[in-house]
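Single-structure report; data block below.
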DNA sequence: CGAGACGTTGCTACG
DNA sequence: GCGTAGCAACGTCTC
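Numbering (full-length UniProt numbering), first residue to last: 1 to 612.
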């Protein structure tokens with residue numbers, strides 16, 4: 001038989017899937033995304049055709065896990081099992097992500113902190129358990145998946161390769177390589193959308209080719225959410241022989257080379273689908289809490305019992321299906337007379353995730369300032385000293401530092417704490433590149449998610465989505481508002497545990513006598529503040545104003561010379577930040593610019609097409 | 001085209 | 001303790 005393959009789109013069990021399908025003798029079945037009724041018909045024909053093909057052979061499916069580390073609501077798994085003689089469930093451990101980097105500022109690889117590596121290992125273990133309960137197991141291999149997967153396709157005589165669609169550029173490059181190899185071998189590739197609720201490409205198409213950049217317009221575009229599919233088949237056929245493939249055991253952290261971990265406190269959130277489902281049930285148990293949830297009202301300093309669900313790491317790895325979460329929420333809302341609404345509600349939180357996935361999928365260079373059509377060009381400082389202080393929790397602002405220590409130890413912070421430290425590093429105080437802070441989050445957060453992380457850093461640095469740069473979080477009063485006693489600070493910064501509450505957020509203002517009594521001399525045991533916030537924040541606002549003006553003047557594409565000139569101009573106005581305790585006075589002058597204006601939307605459209 | 005409303009989560013002062 | 005006004009003032013969307 002002569003096979004060739006084409007890309008097409010067809011619905012499977014009402015889920016829209018992007019798949020590669022077999023076609024016989026180039027009889028491609030092309031299905032336009034517009035008409036659902038013809039979909040169904042053609043789906044039927046397609047399936048019939050497939051059955052005709054497959055009935056002549058024993059189907060071996062390879063189910064490639066990357067994210068989507070779950071058995072519930074997993075369309076790739078269902079597809080792999082469909083009529084298959086054998087299913088090979090594979091995960092490839094990529095040393096690029098896992099090998100210890102001793103030069104890194106905290107334990108972990110160069111890309112991933114040890115908390116997230118542990119979370120992944122736990123998730124894999126749980127996935128293996130789930131598969132074993134169905135007569136299968138997780139097959140682990142080590143190396144570069146783009147070479148390993150094609151080898152396995154040959155070795156195992158695979159006819160069908162299934163994996164969840166992934167929007168990240170890194171994943172796209174990886175998956176395209178594997179797809180290409182698979183198609184050359186005549187292997188059918190099925191890549192359903194199940195990491196997000198909605199199909200980002202579909203939303204972009206509905207919006208006319210570019211992603212919606214406001215939450216409201218995004219919400220208007222999305223239709224009804226697809227519902228989860230059922231649980232995994234109760235039996236998944238595992239072959240007895242692996243034809244010499246180099247399978248490895250699930251490594252421990254120790255095996256990976258993380259053997260001298262002397263950290264005194266680890267993340268309290270273990271990975272895995274079982275944990276995710278338990279956590280989901282616990283979160284949804286209190287129906288009043290669910291229907292009254294309003295994100296901005298949460299307490300970022302609550303750490304014994306966090307103010308949010310902390311389901312984000314489970315969504316990140318796909319231990320929990322976003323569709324399932326969404327459906328469960330809707331059920332609970334439907335039983336209540338009143339319930340909060342997006343953007344602040346729990347449903348709203350899931351939609352934010354969708355929003356950023358869509359924005360990131362349709363925006364070139366989404367993770368950079370330069371070459372990113374939606375990102376304001378701002379002359380951020382490239383100051384590694386300031387960056388180090390921030391990352392290490394040594395800025396001298398206890399609220400900021402405690403949050404950064406929580407990030408390092410737990411791999412998690414409350415959303416508002418993330419706001420506070422991100423604002424502080426960028427437009428609020430230190431004026432350091434948002435990409436630098438993004439990298440730190442990306443490595444350390446157990447829920448670190450490429451689309452959401454980059455989107456939020458642009459948001460917080462007022463580089464995109466959000467532009468009210470004069471609204472700056474105070475590193476002195478923001479934490480105090482929620483936790484006047486400073487319990488959060490005392491927990492994560494034990495050096496300050498005996499500092500009286502009156503000084504806990506501004507310990508440098510404590511009289512020396514008080515500092516002595518608290519056994520914490522500022523400048524010796526705990527750093528002096530790196531900037532005078534009242535001065536620094538005003539300078540930042542000025543810089544933002546000038547940068548916005550230049551951005552507008554140059555239609556979002558200032559030349560390097562423009563940026564340099566602006567930097568020079570601004571540097572003259574910056575005060576010394578070294579000894580901020582000796583509060584300097586500001587001298588400011590308002591230089592007015594004559595700026596030409598032009599429509600932003602058309603500009604963005606132009607820039608978008610420039611990069612295509 | 002221009003005006004006005006609005007935007008997930010700012011701050012301080014004041015009643 | 002909580003809600004509100006004033007602060008200064010961005011871009012986007014709608015009418």
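Every residue gets a Cβ at the ideal spot worked out from N, C-alpha and C, and that includes glycine.
Remember, it's a predicted structure, so these values are computed and weren't measured experimentally.
I'd like to know whether the C-beta atoms of residue i and residue j end up nearer to each other than 8 Å.
i	j	result
residue 514	residue 526	no
residue 451	residue 360	yes
residue 431	residue 543	yes
residue 334	residue 287	no
residue 376	residue 551	yes
residue 700	residue 323	Here the chain comprises residues numbered 1 to 612, so residue 700 is not present and cannot be evaluated.
residue 570	residue 546	yes
residue 342	residue 329	no
residue 76	residue 194	yes
residue 554	residue 562	yes
residue 59	residue 160	yes
residue 261	residue 405	no
residue 438	residue 112	no
residue 88	residue 156	yes
residue 256	residue 117	yes
residue 327	residue 292	no
residue 153	residue 114	no
residue 65	residue 127	yes
residue 277	residue 139	no
residue 426	residue 461	yes
residue 300	residue 183	no
Looking at the secondary structure, which residues open and close the alpha helix (DSSP H) in which residue i lies?
i	result
residue 129	114–132
residue 534	533–553
residue 423	415–423
residue 250	Here residue 250 belongs to no alpha helix (DSSP H), and DSSP marks it neither H nor E.
residue 97	95–98
residue 183	169–184
residue 453	450–460
residue 392	384–392
residue 404	398–410
residue 439	434–444
residue 344	Neither: residue 344 is in no alpha helix (DSSP H) and is coded neither H nor E.
residue 295	No alpha helix (DSSP H) holds residue 295; DSSP gives it neither H nor E.
residue 321	Looking at the DSSP string, residue 321 is not in any alpha helix (DSSP H), and its letter there is neither H nor E.
residue 484	No alpha helix (DSSP H) contains residue 484, which DSSP labels as neither H nor E.
residue 471	No alpha helix (DSSP H) holds residue 471; DSSP gives it neither H nor E.
residue 151	145–155
residue 205	200–206
residue 562	560–571
residue 79	75–81
residue 215	215–221
residue 512	512–517
Who are residue i's beta bridge partners in DSSP?
i	result
residue 526	522
residue 310	Answer is none; residue 310 lacks a bridge partner.
residue 162	63 and 190
residue 86	60
residue 91	65 and 140
residue 497	DSSP, once it has assigned bridges, lists no residue as partnering residue 497.
residue 381	432
On the DSSP letters alone, give me the boundaries of the beta strand (DSSP E) that residue i sits inside.
i	result
residue 274	Residue 274 -> not in any beta strand (DSSP E); alpha helix (DSSP H) instead, spanning 273–285.
residue 227	Note, residue 227: premise wrong, no beta strand (DSSP E); not H, not E.
residue 64	60–65
residue 105	Run containing residue 105: none; DSSP gives neither H nor E here.
With residue i and residue j assumed to form a contact (beta carbons below 8 Å), what rounded beta-carbon distance in angstroms separates them?
i	j	result
residue 420	residue 475	7 Å
residue 391	residue 440	5 Å
residue 472	residue 428	5 Å
residue 218	residue 358	7 Å
residue 319	residue 123	5 Å
residue 222	residue 198	5 Å
residue 362	residue 558	The Cβ separation is near 24 Å, so there is no contact.
residue 316	residue 449	5 Å
- request: Examine the Cβ distances between the region 225–245 and the region 127–145 and report whether three or more of them are shorter than 8 Å.
  value: yes
field: Cβ pair count under 8 Å reaching 3, the region 259–274 against the region 166–180
entry: no
message: For the pair the region 397–417 and the region 487–505, tell me if three or more CB-CB distances fall below 8 Å.
response: yes
- request: Would you check if the region 284–301 and the region 242–259 touch, i.e. whether three or more CB-CB distances between them fall below 8 Å?
  value: Contact fails: fewer than three Cβ-Cβ distances are below 8 Å.
field: Inter-stretch contact (C-beta, 8 Å, three-pair minimum) for the region 205–214 and the region 301–309
entry: no
query: Are the region 90–106 and the region 143–157 in contact at 8 Å, needing three or more beta carbon pairs?
result: Yes: the two stretches touch, three or more of their Cβ pairs being nearer than 8 Å.
Sufficient close CB pairs (3 or more, under 8 Å) joining the region 495–509 to the region 519–533: yes
message: Across the region 270–279 and the region 61–72, are there enough close Cβ pairs to call them in contact, namely three or more that are closer than 8 Å?
response: yes
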